[in-house]
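Asks:
Number of protein chains: 2
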Amino acid sequence: MSSPPTLALARFVEHSSAANLPAPVVHEAKRAILNWVGCAVGASRHATVSRSLAALKPFMGPPQATVLGRRERVDILHAALLNGIASHTFDFDDTHLRTVIHPAGPVAAAILALAEYRAISGADFLHAFALGVEVECRIGNAVYPSHYDVGWHITGTTGVFGAAAATGKLLGLSEPQLVWALGIAATQAAGLREMFGSMCKPLHVGAAAKNGLAAAFLAREDFTSSLAGIEGKRGFANVLATERDFSAITDGLGETWELLKNTYKPFACGIVIHPTIDGCAQLRNEYQLVARDIASIDLTVHPLVLELTGKTNPQAGLEGKFSVYHCAAVAIIDGIAGEAQFSDARVRDRAVVALRDRVHATADRAIHEDAAQIRIALNDGTVIDKYVEHAIGSLARPMSDDDLVAKFRALCAPILSGNAVEEVLKACWNLDTSDNAGGLAALTVPRD
Amino acid sequence: MSSPPTLALARFVEHSSAANLPAPVVHEAKRAILNWVGCAVGASRHATVSRSLAALKPFMGPPQATVLGRRERVDILHAALLNGIASHTFDFDDTHLRTVIHPAGPVAAAILALAEYRAISGADFLHAFALGVEVECRIGNAVYPSHYDVGWHITGTTGVFGAAAATGKLLGLSEPQLVWALGIAATQAAGLREMFGSMCKPLHVGAAAKNGLAAAFLAREDFTSSLAGIEGKRGFANVLATERDFSAITDGLGETWELLKNTYKPFACGIVIHPTIDGCAQLRNEYQLVARDIASIDLTVHPLVLELTGKTNPQAGLEGKFSVYHCAAVAIIDGIAGEAQFSDARVRDRAVVALRDRVHATADRAIHEDAAQIRIALNDGTVIDKYVEHAIGSLARPMSDDDLVAKFRALCAPILSGNAVEEVLKACWNLDTSDNAGGLAALTVPRD
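Those protein sequences? They're chains U and S, same order as listed. Mapped onto the working numbering, the consecutive letters of the first sequence carry residue numbers 95 to 542. Mapped onto the working numbering, the consecutive letters of the second sequence carry residue numbers 95 to 542.
What follows is the structure, encoded as structure tokens:
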């Protein structure tokens, strides 16, 4: 019989060694960090970040760590909070498709802040990142989908474990301390799906990073918790989910890596709309489509698409991310759906609204979540169509390293100089040989 | 039709006026604050507090507020955390019996920290306290018992709303901001019953205070949340409980005060053991009982007593609080069950262990939670018994002001000089006429 899940994860984290991390996992960790830094820097001036900073600034500690993309320096707990918030503000970060966890945010925000506070080699940093993602996604695997269906924002609830595990490893916690750290994480697991569409959604990621980091520091001082935070009768998995499978935590632990199943968004919105955007953009480019020639656009999509993104008449930029109609329209007009396509101005643009009103969507259970059928009727009577089996950015059609670099440059361009962007990129790709992983953060600070 | 609960609570908090708070509510607020300060000062040197402080000290902000009973000054968010932790460490704080919420902790820890940061009159302080308790306990009433039965530590999960509401009032938030503050609170609601018996149980109280206080500051900067944090489809009440009754939130809001249903513990352990301790102490005093004369003690108690406090062989002081056997033994030997009866030494004391081993307990659904039947057989063949219908400290037999003062003095004696204790007591009783409620905190700092 295997160990109970909490103990098994603690032992795994304690005994795992950076030297034995497989090369593909190291490379995927770099891709994930690079994507995450780009998202955080890109959103660093957003009101969600500025208001958090303004609200909590009077209570922050010493200037220990960087708020990515900004000049303020704050204590590491608040750096974890703010960088976690920023990285999920555009909803443009990574996705572990099996659980819809956005794995990088809680883990990377916590360990990067820690790496500015005490020197951590790039190899240890990438290893801790992989461990954190592993813990977080395995706990997610054990409780998904019932946990998500109940109404939990799974990135917030499992992210706190990932942050605690990764920072616990870097702090050199003992096995009992790691068990406590996971328990302290369990009892802070929070975040409701009710908050989607508000500033609280990215807050969940930041809070997970901050609370997980604090959990590791508390455990280091022998602050105790239950020894069965995950599997106990009134522990995380029993209280926050209606079904659970602990073998998803323990089976093959240390042999397989969830990080290899990570995906990256090419478009700055919920992943369920990606097949639609992908297909519309492909049709646009193949047929040189112009909005005024289009009579109607008919989408056939999985029912979840309309449940999550069925807003027909978005008025704010953020609402555009929850409108498959808006996304189809900008994919035709602009050919892309980056952050610029989700500004308040863009969702209210007359030409976008006019085309959006000609988009119709039908839910069909026969269509996979990752697929979409698009049919466009032109004013001249022509009908063209496209079936997208797997959207770009999916595991079947992953973003290449070059795609990720292009996305990174586009995200950082409004914040950093071209030279600075290339420096940060270089630091991300060279993380595995770096003596000081935390040095990466300072490179994102704008210079005069 | 009444307003949705989240909006109703926001409006109630916005429109309530200190001048209209009924005199009995003002007095009960003073009793609750006094009891709470005593618990926090009494536990201020406990490892739970010292370890939290040691773990998080490097990341704390400016010295804005007092850690009660200690010389350290910390930022107000951490003061709320640490004082919330301290106040629940002995499990000796107040209880709202209908929900088993310990109402004072999350609210008082948050507003006292705030009152050290910006001047707040005693009248406004007591009013905000009553509002916070009202919000917290009404939300508790709406989801108890299903919420508790699922496994949530209800003081943690509802306390964050109370802290947000009370501090939101003191910060002068607008109605929309109060709605957001409650939403930001909802999405941080956390704390698992699995943690009972570990340092995480008091952590829940501190985290609720800290997160609720931060929620109010975030909302003041227009950090947005769902507008239906409590009642939304994927909001607090639907996700964290299997049954709910929103009329318990809205009915009679502003007309009745949950604070008037607050109770205070005479004994430093879980409330379900109180009838047993009360009855054993009464028998001891009536018959001048001595342990060596006792052949056996037979308890008949509600099943919850054994479920929560059925430890037959506690080894650590904290475990003694979860042992009805230990409690019966010390009630006979010492006549009381204060914090001194729950030291590591006391639970391992040979005479206590010897008597404890002669205590037997039987669960009986016919006995009320607040009652106990005690039957003691003496070595000479005599049998004496006592039926306790309501324990001392219950609503039916409340602690008097004098009882609360005696408890306060006993709690503070190991920490503060006699003069200092009386000064703090005076400050508590005079809160309603104070110009500066926060001044109370500094009086608890030990002087050389």
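Note that the Cβ used here is the ideal one computed from N, Cα and C, for glycine as well. Since the model is a prediction, treat every value here as computed from it, not as a measurement.
The alpha helix (DSSP H) that contains Q376/U, what's its start and end?
Replies: Here residue 376/U is taken as the residue at index 282 of the first sequence, counted from 1. Per DSSP, Q376/U belongs to the alpha helix (DSSP H) from 368-381.
Asks: Output the boundary residues of the beta strand (DSSP E) element that contains A455/U.
Replies: Residue mapping note: residue 455/U aligns to position 361 of the first sequence, counting from 1. 453-457 is the extent of the beta strand (DSSP E) around A455/U.
Asks: What does the alpha-carbon distance come out to for the pair R165/S and V273/S?
Replies: Counted from its first residue, the second sequence places residue 165/S at position 71. Counted from its first residue, the second sequence places residue 273/S at position 179. Straight-line Cα distance between these residues: approximately 37 Å.
Asks: Please list, in chain order, the chain U residues whose beta carbon lies closer than 8 Å to that of K327/S.
Replies: Position 233 of the second sequence, counted from the start, is the residue given in the question as residue 327/S. Residues of chain U passing the Cβ test: G245, E288.
Asks: According to DSSP, simplified to helix, strand and coil, what is Q467/U?
Replies: Within the first sequence, the letter at position 373 stands for residue 467/U. Of the three classes helix, strand and coil, the one that applies to Q467/U here is strand, per DSSP.
Asks: Determine contact between the stretch 261-275 of chain U and the stretch 247-257 of chain S, defined as no fewer than three beta-carbon pairs at a distance below 8 Å.
Replies: The stretch 247-257 of chain S and the stretch 261-275 of chain U do not touch, with fewer than three beta-carbon pairs separated by less than 8 Å.
Asks: Name the DSSP bridge partner or partners of H190/S?
Replies: The residue you call residue 190/S lines up with position 96 of the second sequence. Per DSSP, I195/S, N356/S.
Asks: Checking contacts by CB at 8 Å: is T318/U closer than that to chain S?
Replies: For the purposes of this step, residue 318/U is taken as the residue at position 224 of the first sequence. Yes, contact with chain S.
Asks: Shortest alpha-carbon distance to I278/U belongs to which of A308/U, P197/U, K295/U, A303/U?
Replies: Taking the first residue of the first sequence as position 1, residue 278/U is located at position 184. Checking every option, the nearest Cα to that of I278/U belongs to A308/U.
Asks: Can you look up V539/U in the DSSP assignment and give me helix, strand or coil?
Replies: Position 445 of the first sequence, counting from 1, holds the residue named residue 539/U. DSSP places V539/U in coil when its eight states are reduced to three.
Asks: In chain U, which residues lie less than 8 Å from H298/S when you measure between Cβ atoms?
Replies: Against the second sequence, residue 298/S aligns to sequence position 204. Those are T281, listed as they occur along chain U.
Asks: As a quick exercise: from R386/U, I486/U, K501/U, A471/U, pick the residue whose alpha carbon is nearest that of F444/U.
Replies: As a position in the first sequence, residue 444/U is number 350, starting the count at 1. It should be pointed out that residue 444/U corresponds to Arg in this sequence rather than to Phe. For the residues R386/U, I486/U, K501/U, A471/U, the minimum Cα distance to R444/U belongs to R386/U.
Asks: Using three-state DSSP, classify S96/S as helix, strand or coil.
Replies: In the second sequence, residue 96/S corresponds to position 2, counting from 1. Three-state DSSP puts S96/S in coil, outside helix and strand.
Asks: Can you look up F520/U in the DSSP assignment and give me helix, strand or coil?
Replies: In the first sequence, counting from the first residue as 1, residue 520/U sits at position 426. Note on residue identity: the sequence assigns Lys, not Phe, to residue 520/U. Note: K520/U maps to helix in three-state DSSP.
Asks: Enumerate in chain order the residues of its own chain whose CB-to-CB distance from R452/S is below 8 Å, with the five nearest sequence positions on each side excluded.
Replies: Position 358 of the second sequence, counted from the start, is the residue given in the question as residue 452/S. Correct list, in chain order: I388, A389, S390, I391.
Asks: Relative to the alpha-carbon of P369/U, which residue among H172/U, A126/U, G487/U, A198/U has its alpha-carbon at the smallest distance?
Replies: Locating residue 369/U in the first sequence gives position 275, counting from the first residue. Closest option to P369/U, Cα to Cα, is G487/U.
Asks: Would you say G346/S faces chain U, with C-beta separation under 8 Å as the test?
Replies: In the second sequence, residue 346/S corresponds to position 252, counting from 1. For G346/S, the answer is no, since every Cβ of chain U falls outside 8 Å of its Cβ.
Asks: Would you kindly work out how many angstroms separate the C-alpha atoms of R105/U and V120/U, rounded to a whole number?
Replies: If you number the first sequence from 1, residue 105/U lands on position 11. If you number the first sequence from 1, residue 120/U lands on position 26. Whole-angstrom Cα-Cα distance: 21 Å.
Asks: Tell me whether D474/S is buried or exposed, calling it buried when 16 or more other Cβ atoms sit within 10 Å of its Cβ.
Replies: Here residue 474/S is taken as the residue at index 380 of the second sequence, counted from 1. It counts as exposed.
Asks: For chain U, is any of its Cβ atoms less than 8 Å away from the one on I170/S?
Replies: Numbered from 1 along the second sequence, position 76 holds the residue referred to as residue 170/S. Chain U contact via Cβ: present.
Asks: For A362/S, which residues of its own chain have a beta-carbon under 8 Å away from its beta-carbon, when the five flanking residues on both sides are left out?
Replies: Walking along the second sequence from the start, residue 362/S turns up at place 268. Contacts found: F184, D185, F186, K415, A431, G432, E433, Q435, F436.
Asks: Can we say the stretch 501-508 of chain U touches the stretch 118-136 of chain U, given the rule of at least three CB pairs closer than 8 Å?
Replies: yes
Asks: Relative to the C-alpha of E337/S, which residue among Y238/S, C421/S, L400/S is closest?
Replies: Numbered from 1 along the second sequence, position 243 holds the residue referred to as residue 337/S. The closest CA to that of E337/S, considering only Y238/S, C421/S, L400/S, is found on Y238/S.
Asks: Can you pull out the residues from the stretch 145-171 of chain S whose beta carbon lies closer than 7 Å to at least one beta carbon of chain U?
Replies: R145, S146, A148, A149, L150, F153, M154, G155, D169, I170, L171
Asks: List in chain order: all unbroken alpha helix (DSSP H) runs of 4+ residues lying wholly within the stretch 253-316 of chain U.
Replies: The DSSP assignment places complete alpha helix (DSSP H) segments of no fewer than 4 residues inside the stretch 253-316 of chain U at 269-280, 294-314, in order along the chain.
Asks: Can you confirm whether the stretch 341-350 of chain S touches the stretch 169-176 of chain S when touching is taken to mean that 3 or more C-beta pairs between the two stretches lie within less than 8 Å?
Replies: Cβ pair count under 8 Å is below three, so no.
Asks: Identify, in the order they occur along the chain, each residue of the same chain with its Cβ nearer than 7 Å to the Cβ of G132/S, setting aside the five sequence neighbours on each side.
Replies: Translated into the one-based positions of the second sequence, residue 132/S becomes position 38. Cβ neighbours of G132/S beyond the five flanking positions: K501, F502, L505, C506.
Asks: Give me the chain U residues within the contact set of F578/S, using Cβ-Cβ distance strictly less than 9 Å, ordered along the chain.
Replies: Past the edges of chain S, shown from 95 to 542, lies residue 578/S, and the structure says nothing about it.
Asks: For D392/U, which beta-bridge partners are listed by DSSP?
Replies: Looking up residue 392/U in the first sequence gives position 298. Partner(s): H454/U, R469/U.
Asks: Are the C-beta atoms of R125/S and some chain U residue less than 8 Å apart?
Replies: Walking along the second sequence from the start, residue 125/S turns up at place 31. So no, R125/S is outside the interface.
Asks: Quick one: which chain U residues come within Cβ less than 7 Å of F311/S?
Replies: Numbered from 1 along the second sequence, position 217 holds the residue referred to as residue 311/S. Within 7 Å Cβ-Cβ: A149, L150.
Asks: Might you give, ordered along the chain, the residues of its own chain that have their beta carbon closer than 6 Å to the beta carbon of A126/S, omitting 5 neighbours on each side?
Replies: On the second sequence, position 32 is the one that residue 126/S refers to. Excluding positions up to five away in sequence, the list reads D188, A198, N356.
Asks: Which two residues bound the contiguous alpha helix (DSSP H) that contains Y419/U?
Replies: Translated into the one-based positions of the first sequence, residue 419/U becomes position 325. Per DSSP, Y419/U belongs to the alpha helix (DSSP H) from 418-428.
Asks: Comparing alpha-carbon positions, which option in H420/U, T100/U, E108/U lies nearest V441/U?
Replies: Position 347 of the first sequence, counted from the first residue, corresponds to residue 441/U. For V441/U, the nearest C-alpha among the options comes from H420/U.
Asks: For V518/S, count neighbouring C-beta atoms within 10 Å of its own C-beta (all shown protein chains included) and say buried if the count is 16 or more, exposed if not.
Replies: To locate residue 518/S, count along the second sequence from 1; it is residue 424. V518/S is buried by the Cβ-count criterion.
Asks: Cβ closer than 8 Å: which chain S residues qualify as neighbours of M293/U?
Replies: Start at 1 with the first residue of the first sequence, and residue 293/U comes out as number 199. Under the 8 Å cutoff, chain S gives F317, T318, S319.
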